[in-house]
Amino acid sequence: MAKYEQKMRESDQSVIEFIENVDSPKKKEDAYKLLEIFEETSGFKAKMWGPSIIGFGSYHYKYATGHEGDAPLVGFSPRKAKISLYFATGDTEREVILERFGKHTSGKACVYINKVADIDVDVLKELINRSITFLQETYGS
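Counting in the numbering used here, the sequence shown runs from 18 upward without gaps.
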(Lines of atoms letter the chains of each structure in order from A; the text may use other names.)
(Lines give C-alpha, C1' and ligand atoms only; values in the text may rest on other atoms or scores of the structure.)
Protein backbone atom coordinates (compact mmCIF):
# COMPACT_ATOMS: atom_id res chain seq x y z
CA MET A 18 0.00 0.00 0.00
CA ALA A 19 1.37 3.42 -0.94
CA LYS A 20 2.21 5.76 1.90
CA TYR A 21 -0.05 8.81 2.10
CA GLU A 22 1.71 11.92 0.83
CA GLN A 23 0.98 14.90 3.05
CA LYS A 24 -0.15 17.87 0.96
CA MET A 25 0.17 20.56 3.60
CA ARG A 26 3.78 21.07 4.59
CA GLU A 27 5.69 23.90 6.18
CA SER A 28 7.59 25.82 3.50
CA ASP A 29 10.20 28.54 3.19
CA GLN A 30 7.82 30.75 1.18
CA SER A 31 7.74 34.30 2.59
CA VAL A 32 4.66 35.08 4.69
CA ILE A 33 4.99 38.82 3.91
CA GLU A 34 5.30 38.12 0.18
CA PHE A 35 2.18 35.94 0.36
CA ILE A 36 0.20 38.67 2.16
CA GLU A 37 1.45 41.32 -0.29
CA ASN A 38 -0.06 39.24 -3.13
CA VAL A 39 -3.56 39.26 -1.58
CA ASP A 40 -5.79 41.07 -4.12
CA SER A 41 -8.19 42.88 -1.80
CA PRO A 42 -6.61 45.82 0.07
CA LYS A 43 -9.03 45.26 2.99
CA LYS A 44 -8.18 41.53 3.20
CA LYS A 45 -4.47 42.41 3.03
CA GLU A 46 -4.92 44.86 5.94
CA ASP A 47 -6.83 42.20 7.92
CA ALA A 48 -4.12 39.63 7.14
CA TYR A 49 -1.49 41.90 8.70
CA LYS A 50 -3.73 42.43 11.76
CA LEU A 51 -4.22 38.66 12.12
CA LEU A 52 -0.49 38.05 11.63
CA GLU A 53 0.25 40.34 14.56
CA ILE A 54 -2.50 38.86 16.78
CA PHE A 55 -1.55 35.23 16.04
CA GLU A 56 2.21 35.78 16.53
CA GLU A 57 1.76 37.78 19.72
CA THR A 58 -0.81 35.38 21.20
CA SER A 59 0.76 32.08 20.15
CA GLY A 60 4.38 33.06 20.76
CA PHE A 61 5.29 31.41 17.44
CA LYS A 62 6.71 33.02 14.31
CA ALA A 63 4.50 32.74 11.22
CA LYS A 64 5.40 30.14 8.58
CA MET A 65 3.72 29.26 5.31
CA TRP A 66 2.05 25.84 5.20
CA GLY A 67 1.26 24.69 1.70
CA PRO A 68 0.61 27.46 -0.81
CA SER A 69 -1.90 29.51 1.19
CA ILE A 70 -2.01 28.86 4.95
CA ILE A 71 -0.13 31.02 7.44
CA GLY A 72 0.56 28.73 10.40
CA PHE A 73 1.98 29.15 13.88
CA GLY A 74 3.82 26.42 15.75
CA SER A 75 3.40 22.80 14.77
CA TYR A 76 2.47 19.41 16.13
CA HIS A 77 2.79 15.83 14.95
CA TYR A 78 -0.40 13.78 14.80
CA LYS A 79 -0.96 10.07 14.36
CA TYR A 80 -4.40 8.55 13.89
CA ALA A 81 -5.54 5.02 14.73
CA THR A 82 -5.57 4.32 10.97
CA GLY A 83 -1.80 4.80 10.94
CA HIS A 84 -2.04 8.09 9.03
CA GLU A 85 0.30 10.67 10.52
CA GLY A 86 1.76 14.04 9.69
CA ASP A 87 2.53 17.54 10.85
CA ALA A 88 0.26 20.56 10.98
CA PRO A 89 0.30 24.07 12.41
CA LEU A 90 -1.15 24.50 15.91
CA VAL A 91 -3.22 27.45 14.65
CA GLY A 92 -3.34 29.47 11.46
CA PHE A 93 -5.29 31.51 8.96
CA SER A 94 -5.65 32.12 5.25
CA PRO A 95 -6.97 35.29 3.60
CA ARG A 96 -8.96 33.56 0.85
CA LYS A 97 -10.97 35.32 -1.88
CA ALA A 98 -14.42 34.73 -0.38
CA LYS A 99 -13.70 34.73 3.35
CA ILE A 100 -10.81 34.56 5.79
CA SER A 101 -10.31 31.01 7.06
CA LEU A 102 -9.13 30.54 10.63
CA TYR A 103 -7.66 27.19 11.63
CA PHE A 104 -8.10 25.89 15.16
CA ALA A 105 -8.03 22.41 16.71
CA THR A 106 -10.86 20.09 15.75
CA GLY A 107 -12.43 17.75 18.27
CA ASP A 108 -12.29 20.24 21.14
CA THR A 109 -15.75 20.78 22.63
CA GLU A 110 -14.53 24.00 24.32
CA ARG A 111 -14.12 25.56 20.86
CA GLU A 112 -17.87 25.57 20.22
CA VAL A 113 -18.55 27.22 23.59
CA ILE A 114 -15.97 29.96 22.94
CA LEU A 115 -17.28 30.53 19.39
CA GLU A 116 -20.66 31.55 20.85
CA ARG A 117 -18.98 34.82 21.97
CA PHE A 118 -16.80 35.26 18.86
CA GLY A 119 -18.94 37.50 16.67
CA LYS A 120 -20.06 37.12 13.05
CA HIS A 121 -18.66 33.86 11.63
CA THR A 122 -19.55 30.50 10.14
CA SER A 123 -17.74 27.28 10.88
CA GLY A 124 -17.02 23.97 9.27
CA LYS A 125 -15.31 20.93 10.74
CA ALA A 126 -11.79 22.35 10.62
CA CYS A 127 -12.24 26.03 9.80
CA VAL A 128 -13.92 29.09 11.17
CA TYR A 129 -14.77 31.63 8.46
CA ILE A 130 -14.99 35.40 8.89
CA ASN A 131 -15.53 38.24 6.43
CA LYS A 132 -13.35 40.74 8.28
CA VAL A 133 -11.58 41.26 11.59
CA ALA A 134 -14.02 44.07 12.49
CA ASP A 135 -16.81 41.44 12.70
CA ILE A 136 -15.20 39.52 15.56
CA ASP A 137 -14.14 40.02 19.17
CA VAL A 138 -10.32 40.03 19.11
CA ASP A 139 -10.13 39.00 22.78
CA VAL A 140 -12.20 35.91 21.96
CA LEU A 141 -9.90 35.24 18.97
CA LYS A 142 -6.94 35.25 21.37
CA GLU A 143 -8.84 32.85 23.64
CA LEU A 144 -9.47 30.52 20.66
CA ILE A 145 -5.78 30.61 19.71
CA ASN A 146 -4.66 29.78 23.26
CA ARG A 147 -7.31 27.08 23.70
CA SER A 148 -6.40 25.42 20.40
CA ILE A 149 -2.68 25.32 21.27
CA THR A 150 -3.37 23.94 24.74
CA PHE A 151 -5.77 21.29 23.41
CA LEU A 152 -3.37 20.10 20.69
CA GLN A 153 -0.36 20.02 23.02
CA GLU A 154 -2.35 18.06 25.61
CA THR A 155 -3.64 15.68 22.93
CA TYR A 156 -0.45 15.15 20.89
CA GLY A 157 2.33 16.34 23.23
CA SER A 158 4.36 19.54 23.02
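By construction, the Cβ of each residue, glycine as well, lies at the ideal position given by its N, Cα and C atoms. Please read these numbers as outputs of a predicted model, since none were measured by experiment.
Going by DSSP, LYS43 is part of no beta strand (DSSP E) but of the alpha helix (DSSP H) stretching over 42–59. When the beta-carbon positions are compared, ASP108 and GLY119 stay at least 8 Å from each other.
In the DSSP assignment, LYS64 falls within the beta strand (DSSP E) that extends over 63–66. VAL128 sits in a strand when the DSSP states are folded into three classes. For TYR156 against TYR78, the beta-carbon gap comes to about 6 Å, under 8 Å, which counts as contact. Here the C-alpha atom of GLU53 lies approximately 20 Å from the C-alpha atom of HIS121. Here VAL32 is not near ILE70, since their CB atoms are 8 Å or more apart. Sixteen is the threshold: since fewer than 16 other Cβ atoms of the shown chains lie within 10 Å of the Cβ of ASP29, the residue is exposed. Contact check for LEU144 against CYS127 fails: the beta carbons are separated by 8 Å or more. Rounded to the nearest whole angstrom, the CA to CA distance from LYS132 to ASP47 is 7 Å. By DSSP's assignment, ASP87 forms a beta bridge with HIS77. Residue environment: PRO89 is assigned as buried (16 or more neighbouring CB atoms within 10 Å of its CB, all protein chains considered).
In the three-state scheme derived from DSSP, where H, G and I count as helix and E and B as strand, PHE151 is classed as helix.
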